[in-house]
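Written out below as structure tokens is the structure these notes cover.
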Amino acid sequence: TIYIYQNEGALQLYSSPHSINRLSLNQQLGIAGASNNGILILDLETKVEFLIPNGPAANQFPSISVDGNGVFWSASGKDGAGVGYYTFDKETWTNNNVGNTPQLPHNDIYNVFNSADNTAYLGTWGYGFVRTDGNIFETFNTANSGMQGIPTAPNFLVIAGFVNDSRNNLWVLNRSAADRKNISMLTPDSVWYHFQIPSEQNRLIRTHFNLDIDPYDTKWYNSDDPNRRGLFYFNEMKTYDDPSDDRSGFITSADGLDNNDIRSIVVDRRGDVWIGTGLGVNVISQTNTITSNPTNDPSLRMSSIFTLRQQSINDIAVDPLNQKWVATNQGLLFVNSDGSRLLAAYDSKNSPILSDIITSVAIDENAGIVYVGTEKGLTSFETPFTKPKEAFDELFIYPNPYVVTDGSNFLTIDGLVRDSEIKIITIDGKLVAEFSSPGGRTAFWDGRDNKCNLINSGIYIVVAIDSGGNNTITGKVAVFRK
Numbered sequence: 016t017i018y019i020y021q022n023e024g025a026l027q028l029y030s031s032p033h034s035i036n037r038l039s040l041n042q043q044l045g046i047a048g049a050s051n052n053g054i055l056i057l058d059l060e061t062k063v064e065f066l067i068p069n070g071p072a073a074n075q076f077p078s079i080s081v082d083g084n085g086v087f088w089s090a091s092g093k094d095g096a097g098v099g100y101y102t103f104d105k106e107t108w109t110n111n112n113v114g115n116t117p118q119l120p121h122n123d124i125y126n127v128f129n130s131a132d133n134t135a136y137l138g139t140w141g142y143g144f145v146r147t148d149g150n151i152f153e154t155f156n157t158a159n160s161g162m163q164g165i166p167t168a169p170n171f172l173v174i175a176g177f178v179n180d181s182r183n184n185l186w187v188l189n190r191s192a193a194d195r196k197n198i199s200m201l202t203p204d205s206v207w208y209h210f211q212i213p214s215e216q217n218r219l220i221r222t223h224f225n226l227d228i229d230p231y232d233t234k235w236y237n238s239d240d241p242n243r244r245g246l247f248y249f250n251e252m253k254t255y256d257d258p259s260d261d262r263s264g265f266i267t268s269a270d271g272l273d274n275n276d277i278r279s280i281v282v283d284r285r286g287d288v289w290i291g292t293g294l295g296v297n298v299i300s301q302t303n304t305i306t307s308n309p310t311n312d313p314s315l316r317m318s319s320i321f322t323l324r325q326q327s328i329n330d331i332a333v334d335p336l337n338q339k340w341v342a343t344n345q346g347l348l349f350v351n352s353d354g355s356r357l358l359a360a361y362d363s364k365n366s367p368i369l370s371d372i373i374t375s376v377a378i379d380e381n382a383g384i385v386y387v388g389t390e391k392g393l394t395s396f397e398t399p400f401t402k403p404k405e406a407f408d409e410l411f412i413y414p415n416p417y418v419v420t421d422g423s424n425f426l427t428i429d430g431l432v433r434d435s436e437i438k439i440i441t442i443d444g445k446l447v448a449e450f451s452s453p454g455g456r457t458a459f460w461d462g463r464d465n466k467c468n469l470i471n472s473g474i475y476i477v478v479a480i481d482s483g484g485n486n487t488i489t490g491k492v493a494v495f496r497k
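Residue numbers (the numbering used here): 16 to 497.
Below, the structure written as structure tokens:
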């Protein structure tokens with residue numbers, strides 16, 4: 016309710032069914048108020064208008080993803096707090112819920128996953144999952160998938176994760192299966208398989224999370240159940256009906272994990288498994304020994320990332336250069352590919368991030384955009400770390416002309432393959448500068464030669480060479496020295 020106070024006392028000006036959080040007075044607009052239904056405009060004649068800015072339906076981003084077209088997807092919540100899911104195409108937000116999308120079984124969308132073919136999978140809290148291309152929606156639940164729900168309510172099916180393997184099979188993690196078959200697989204031909212993991216030792220483990228897959232098709236996930244808390248791995252060895260050759264294992268702090276409270280699992284571009292815990296990050300390598308060792312006694316190597324020790328990890332994302340963006344309760348940490356160096360730390364004080372408690376991170380590989388979900392909303396920012404080209408096609412060099420001042424402004428060279436070598440050459444063939452790209456699609460030059468001197472005005476040839484020295488591409492840039 017809005018009151019105006021005058022000499023005779025308080026006069027009720029407007030009563031709203033919505034929560035009004037803050038007011039501002041504008042001589043032209045009248046009274047503007049922030050509400051849970053948008054921006055309230057109350058003019059001097061007490062006419063009311065609500066302005067609803069385009070945005071997500073809620074400040075909840077428990078699980079986020081970016082598809083191959085650069086569209087951002089987000090789940091919204093569980094236990095009745097969900098409001099469906101939202102997408103963002105870099106211009107417009109679209110909010111989908113059971114009201115405007117009746118094909119959805121419920122608004123409690125718990126997690127999202129985008130496959131390589133841009134199919135989206137929406138895991139719900141209790142109602143199975145939805146497969147969609149944005150237009151057609153197909154629901155999978157206990158009635159049509161063969162998966163079972165929780166022991167106390169077998170039709171209440173909570174989906175905790177998705178991943179695709181090398182054969183484009185969809186693997187689905189069941190949070191708590193009554194029949195103990197917590198991992199299921201759906202083939203491209205729509206055939207279901209359900210697996211009981213040997214390392215779970217026939218125990219009824221109720222809380223599974225964080226599914227990912229390594230280059231050898233070993234599935235990694237964790238359990239938060241007090242009876243079996245830690246990290247699991249499983250490989251069916253591509254014999255879906257034959258459990259005799261299955262490989263599985265269970266890893267805890269007794270084996271070297273920093274902590275059994277696992278919050279995130281991600282496989283990086285080298286095939287190493289990064290495990291975010293309540294006390295830091297562990298990395299497991301040599302995962303090929305799971306499938307290559309016939310005794311099911313793999314020679315896994317585990318290390319702890321010193322730069323992230325004692326941090327409470329909520330999520331980890333890997334960019335195209337294999338660098339890691341780590342969500343913590345103290346902000347967003349950015350480390351190099353092996354985690355040995357902390358490259359940057361962002362929080363609500365030194366960046367536009369809305370809260371220090373980061374809940375989720377996702378990366379648009381083609382645009383270099385990092386999306387940061389927090390308990391107070393979403394922040395995104397652009398980085399130069401973009402997915403490299405598969406082959407040279409065309410170089411985009413800008414700004415062109417390039418004005419060299421003091422070396423603080425950079426020339427961008429876009430269109431590179433992975434680990435390109437760059438050479439800057441004069442028109443008459445003299446080498447001026449050479450350097451390596453950071454690894455992605457773009458590289459940057461500060462206008463200096465190999466002796467760190469600013470170059471003179473002129474026309475220069477930019478030559479990019481692949482790491483094998485077999486393919487090259489060239490471009491030109493006009494340089495003006497101030």
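Even glycine gets a Cβ: it sits at the ideal position worked out from N, Cα and C.
These numbers were taken from a predicted model, which means no experiment stands behind them.
In this structure the region 65-78 does not touch the region 317-324; the number of beta carbon pairs closer than 8 Å is below three. Under DSSP, the beta-bridge partners assigned to residue 200 are 186 and 208. Between the alpha carbons of residue 131 and residue 113 lies a gap of roughly 26 Å. Across the structure, residue 36 and residue 20 are spaced so that their CA atoms are roughly 18 Å apart.
Remark: C-beta atoms of residue 474 and residue 491 approach each other more closely than 8 Å. Residue 487 holds the alpha-carbon nearest to the alpha-carbon of residue 408 among 487, 375, 378 and 210.
In chain order, 371 place their CB closer than 6 Å to the CB of residue 345, counting only its own chain and leaving out the 5 sequence neighbours on each side. Taken through DSSP and simplified to helix, strand or coil, residue 269 comes out as helix.
Within the same chain, Cβ atoms closer than 7 Å to the Cβ of residue 39 are found at 47, the five residues on either side in sequence being excluded.
Nearest to residue 211 by alpha-carbon distance, out of 202, 145 and 187, is 187. Within the region 342-395, the beta strand (DSSP E) runs of at least 3 residues that lie entirely inside it are, in chain order, 346-350, 357-361, 373-379 and 384-389.
For the 8 Å CB-CB criterion, residue 125 and residue 191 do not form a contact. Leaving aside the five residues that flank residue 105 on each side, the residues in its chain whose CB is nearer than 7 Å to its CB run, in chain order, 85. Secondary structure at residue 94: coil, using DSSP grouped into helix, strand and coil. Shown here, residue 260 sits in a helix according to DSSP, grouped into three states. Contact between residue 419 and residue 339 is absent: CB atoms are separated by about 34 Å, not below the 8 Å threshold. Here residue 362 has 345, 346, 347, 368 and 371 as same chain residues with Cβ atoms under 8 Å from its own Cβ, once five neighbours each way along the sequence are excluded. Setting aside the 5 residues that flank it on each side, residue 315 is surrounded in the same chain by 299 and 301, each with a C-beta closer than 6 Å to its C-beta; the list follows chain order. Comparing alpha carbon positions, the residue from 168, 184, 30 and 146 closest to residue 202 is 184. Under the three-pair Cβ rule at 8 Å, the region 141-156 counts as touching the region 113-122.
Straight-line measurement puts the Cα of residue 174 at about 25 Å from the Cα of residue 286. Here residue 305 is actually not in contact with residue 246; their C-beta atoms are around 13 Å apart, not less than 8 Å. Looking at the backbone, the Cα of residue 193 and that of residue 164 are separated by about 6 Å. Following the DSSP letters along the chain, one finds residue 238 in no alpha helix (DSSP H) but inside the beta strand (DSSP E) bounded by residues 234-238. For residue 307, the enclosing alpha helix (DSSP H) stretches over residues 304-307.
Here DSSP, grouped into helix, strand and coil, assigns residue 321 to helix. Shown here, residue 449 sits in a strand according to DSSP, grouped into three states. Nearest neighbour of residue 270 by Cα position, chosen from 215, 317 and 172, turns out to be 317. Under DSSP, residue 330 takes part in a beta bridge, and its partners are 342. With respect to residue 81, residue 100 sits apart: the two C-beta atoms are not nearer than 8 Å. Here the region 415-429 does not lie against the region 386-396, with fewer than 3 beta-carbon pairs under 8 Å apart.
For residue 153, the uninterrupted beta strand (DSSP E) run begins and ends at 152-155, by DSSP.
Secondary structure at residue 215: helix, using DSSP grouped into helix, strand and coil.
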